[in-house]
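Visitor:
Number of protein chains: 2
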Amino acid sequence: MVSGPSGSGKNRVISEAMKVTQGLRYSISATTRPRRLNERDGVDYHFVSLDRFQDMIRQDDLLEYAEVYGNFYGTPRKPVEDVLAAGEDVILDLDVQGALQIRQRCPDAVLVFLLPPSIAELERRIRSRGTDDEATIRRRMNSALNEISALSQYTYAIVNDELEDAVRSLVAIIEAERCRTSRFVRASSDEMRSQSISE
Amino acid sequence: MVSGPSGSGKNRVISEAMKVTQGLRYSISATTRPRRLNERDGVDYHFVSLDRFQDMIRQDDLLEYAEVYGNFYGTPRKPVEDVLAAGEDVILDLDVQGALQIRQRCPDAVLVFLLPPSIAELERRIRSRGTDDEATIRRRMNSALNEISALSQYTYAIVNDELEDAVRSLVAIIEAERCRTSRFVRASSDEMRSQSISE
């Protein structure tokens, strides 16, 4: 799970990391917010009505959900479970509330926080989108500072100063987590033991 | 700290990982065992007399030490502390006893276990050295199987099947550990806060 405030460059880092990492799928969130011009339904998000979203909540089809700025966002459960059952990994782009909800249910989940290099650079990046009015920019800045205060609850933090370095760090975290003995010990020691006996 | 039985290819993986990792120093162990032909004093080990080794123990100059096959091995404390104080990392090549001793004293230390791809391959590698007699080979095999049983006490495990993959995994673990918020949170949130106040 990767979190990071607007302006942390999270989307770009995730998509670059996915290009160079095998066995990693992106979890597409469902949302009730309107689609932006550059977004594609079923690729960037599943854009759904509020009624549909409420059905998903009722049927426990969401691993987590949250209301942000009056819109709902949630993580469909089944695609995540299917990827994990196939032995692959899922990358989720989540805000702090969502990430902490999922960690409650999946203690194995890994939390990565992406940080802008500085507050000034964060503001510059939020402004450079050019799509938001001044009130929205202020709200995004405050929300970003709020999210950063949750940093200590995350396992890893990456400062996105140079894109290439940030991508390399995210790829390294995924690779290192795959080497964790807690994910790994049973299978390999069983294999060792059976080979040892057969010799 | 990297452990792995004879035949796990540990030395090679460590030296390749060091070539591509900034800010990483190798801790040179002290030992009372005789120097082998291809080894250099002060590079591969500090070769010392038993008297000198006992002095080091008495003066608490060793972070850990152990007796293996009748010889003593230990980690000089000062070089490790100096590198850490300079903000760099130290890589230690340790047997299981040594690694677990150091973790007692330094709970932040990261334990990586390097595994041979199979028992058969382990034996092949131990035999291919050509320097050991049959009894030594048996002893090394038993000791290797014994060490592998400590795997679950390690944080990470890497199967050294292809050297290049094993090196990439070790480098990734070092990089990921450097992103851990527990090593990182105080410095960066202080920085954020002071920037935030000054704007």
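In order, the protein sequences belong to chains A and B. If you use my numbering, the first sequence corresponds to residues 127 to 325, in order. If you use my numbering, the second sequence corresponds to residues 127 to 325, in order. Heads up, the beta-carbon is just placed ideally off N, CA and C, and yes, glycines get one too.
(1) By Cβ distance, which residues of its chain are closer than 7 Å to LYS136/A, with the 5 residues on each side in sequence left out?
(2) Within 10 Å of its beta-carbon, does PRO160/A have 16 or more other beta-carbons around it, so buried, or fewer, so exposed?
(3) Assign ILE245/B to buried or exposed, taking buried as 16 or more other Cβ atoms, counted over all protein chains shown, within 10 Å of its Cβ.
(4) Exposed or buried, what is ALA211/B when buried is set at 16 or more other beta-carbons lying within 10 Å of its beta-carbon?
(5) Given 6 Å as the limit, tell me if GLY149/B has its C-beta closer than that to any heavy atom belonging to the ligand MN.
(6) Do you know offhand how far GLU290/A's Cα is from ILE284/A's?
(7) Given a threshold of 16 other Cβ atoms within 10 Å of its Cβ, counted over all protein chains shown, does PRO233/A qualify as buried or as exposed?
(8) Look up TYR171/A in the DSSP assignment and give the residues it is bridged to.
(9) Within 10 angstroms of its Cβ, does ILE252/B collect 16 or more other Cβ (buried), or is it exposed?
(10) Quick check: what's the CA-CA separation for THR262/B versus ALA270/B?
(11) Would you mind reading off the limits of the beta strand (DSSP E) that contains ASP215/B?
(12) Are there three or more Cβ pairs, one per stretch, closer than 8 Å when the segment 138 to 146 of chain A is compared with the segment 182 to 202 of chain A?
(13) Of all the residues that make up the segment 289 to 306 of chain A, which are near chain B by a beta-carbon distance shorter than 9 Å?
(14) If you run the structure through DSSP and keep just helix, strand and coil, what is GLY200/B?
(15) May I have the straight-line CA-CA distance separating ARG255/A from GLY196/A, to the nearest angstrom?
(16) Which residues in the same chain as GLU273/A place their Cβ atom closer than 8 Å to its Cβ, once the five residues preceding and following it in sequence are excluded?
(17) Roughly how many angstroms lie between the CA atoms of ASN164/A and ALA292/B, to the nearest whole one?
(18) Name, in chain order, the residues that DSSP records as bridge partners for ILE284/B.
(19) Contact criterion: CB-CB distance below 7 Å. Does SER278/A meet it with respect to chain B?
(20) Any idea what DSSP makes of ALA276/A, helix, strand or coil?
(21) Taking 7 Å as the cut-off, decide whether the C-beta atoms of LEU150/A and ILE228/A are in contact.
(22) At what residues does the beta strand (DSSP E) containing LEU188/B begin and finish?
(23) Report yes or no: is there a C-beta of chain D within less than 7 Å of the C-beta of ALA283/B?
(24) For CYS305/B and TYR199/A, I'd like the C-alpha separation in whole angstroms.
(25) Decide if GLU288/A is buried, meaning its Cβ has at least 16 other Cβ atoms within 10 Å, or exposed.
(26) Please go through the same chain and pick out, in chain order, the residues whose beta-carbon is closer than 8 Å to the beta-carbon of GLU214/B, but skip the five residues on each side of it.
(27) What does a CB cutoff of less than 7 Å around SER134/A pick up in its chain, not counting 5 residues either side in sequence?
(28) Do PRO202/A and ALA156/A have their CB atoms nearer than 7 Å?
(29) May I ask you to report which of helix, strand or coil DSSP gives VAL209/B?
(30) Which residues in the same chain as ALA115/B place their Cβ atom closer than 7 Å to its Cβ, once the five residues preceding and following it in sequence are excluded?
(31) Here's the rule I'm using: 16 or more other beta-carbon atoms within 10 Å means buried, otherwise exposed. How should LEU176/A be labelled?
Guide: The relevant details are as follows:
(1) Taking the first residue of the first sequence as 1, we reach residue 136/A at position 10. Contacts found: VAL128, GLY130, ASP219 and LEU240.
(2) Position 34 of the first sequence, counted from the start, is the residue given in the question as residue 160/A. Burial call: exposed.
(3) Translated into positions along the second sequence, residue 245/B becomes position 119. Buried.
(4) Taking the second sequence and counting its residues from 1, the one referred to as residue 211/B is at position 85. So ALA211/B ends up on the exposed side.
(5) With respect to the ligand MN, the structure shown offers nothing to examine, as it has no ligands at all.
(6) As a first step, residue 290/A must be located in the first sequence, where it is residue number 164. As a first step, residue 284/A must be located in the first sequence, where it is residue number 158. Their backbone Cα atoms lie some 12 Å apart in a straight line.
(7) Taking the first sequence and counting its residues from 1, one reaches residue 233/A at position 107. So PRO233/A ends up on the exposed side.
(8) The residue given as residue 171/A occupies position 45 in the first sequence. Beta-bridge pairing links TYR171/A to ASP167/A.
(9) Taking the first residue of the second sequence as position 1, residue 252/B is located at position 126. When all chains shown are included, ILE252/B counts as buried.
(10) The residue you call residue 262/B lines up with position 136 of the second sequence. The residue you call residue 270/B lines up with position 144 of the second sequence. So the alpha carbons of these two residues sit roughly 12 Å apart.
(11) Working through the second sequence from its first residue, we reach residue 215/B at position 89. Counting along the chain, the beta strand (DSSP E) containing ASP215/B begins and ends at 215 to 217.
(12) no
(13) ARG294, SER295, LEU296, VAL297, ALA298, ILE299, ILE300, GLU301, ALA302, GLU303, ARG304, CYS305 and ARG306
(14) Numbered from its first residue, the second sequence carries residue 200/B at position 74. Reduced to three states, the DSSP call for GLY200/B is strand.
(15) As a position in the first sequence, residue 255/A is number 129, starting the count at 1. As a position in the first sequence, residue 196/A is number 70, starting the count at 1. Their Cα atoms are separated by approximately 21 Å.
(16) If you number the first sequence from 1, residue 273/A lands on position 147. Here the set comprises SER129, GLY130, PRO131, ASP221 and VAL222.
(17) Against the first sequence, residue 164/A aligns to sequence position 38. Against the second sequence, residue 292/B aligns to sequence position 166. If I take the Cα positions, the gap works out to 40 Å.
(18) Taking the first residue of the second sequence as 1, we reach residue 284/B at position 158. DSSP lists LEU240/B as partners of ILE284/B.
(19) Position 152 of the first sequence holds residue 278/A. Yes, SER278/A counts as interfacial toward chain B.
(20) In the first sequence, the residue the question calls residue 276/A occupies position 150. Here ALA276/A sits in coil by DSSP.
(21) One-based indexing of the first sequence puts residue 150/A at position 24. One-based indexing of the first sequence puts residue 228/A at position 102. For LEU150/A and ILE228/A, no; Cβs fall outside 7 Å.
(22) For the purposes of this step, residue 188/B is taken as the residue at position 62 of the second sequence. Unbroken beta strand (DSSP E) run through LEU188/B: 188 to 194.
(23) Note that chain D does not occur in the displayed structure, where the protein chains are A and B.
(24) Sequence index remark: in the second sequence, residue 305/B carries index 179 (1-based). Sequence index remark: in the first sequence, residue 199/A carries index 73 (1-based). Looking at the two C-alpha atoms, the distance is approximately 28 Å.
(25) Working through the first sequence from its first residue, we reach residue 288/A at position 162. The residue in question, GLU288/A, is exposed, as its Cβ has fewer than 16 Cβ neighbours within 10 Å.
(26) As a first step, residue 214/B must be located in the second sequence, where it is residue number 88. Same-chain partners within the cutoff: GLY149, LEU150 and ARG151.
(27) By one-based count along the first sequence, residue 134/A stands at place 8. So the qualifying residues of the chain are LEU240, LEU241, PRO242 and ASN286.
(28) The residue given as residue 202/A occupies position 76 in the first sequence. The residue given as residue 156/A occupies position 30 in the first sequence. Yes; because the gap between Cβ atoms is below 7 Å, this pair is in contact.
(29) The sequence position of residue 209/B within the second sequence is 83, counting from 1. Helix.
(30) Shown here, chain B extends from 127 to 325; a query on residue 115/B therefore has no answer.
(31) Residue 176/A sits at position 50 when you count from the first residue of the first sequence. Exposed, by the Cβ-count rule.
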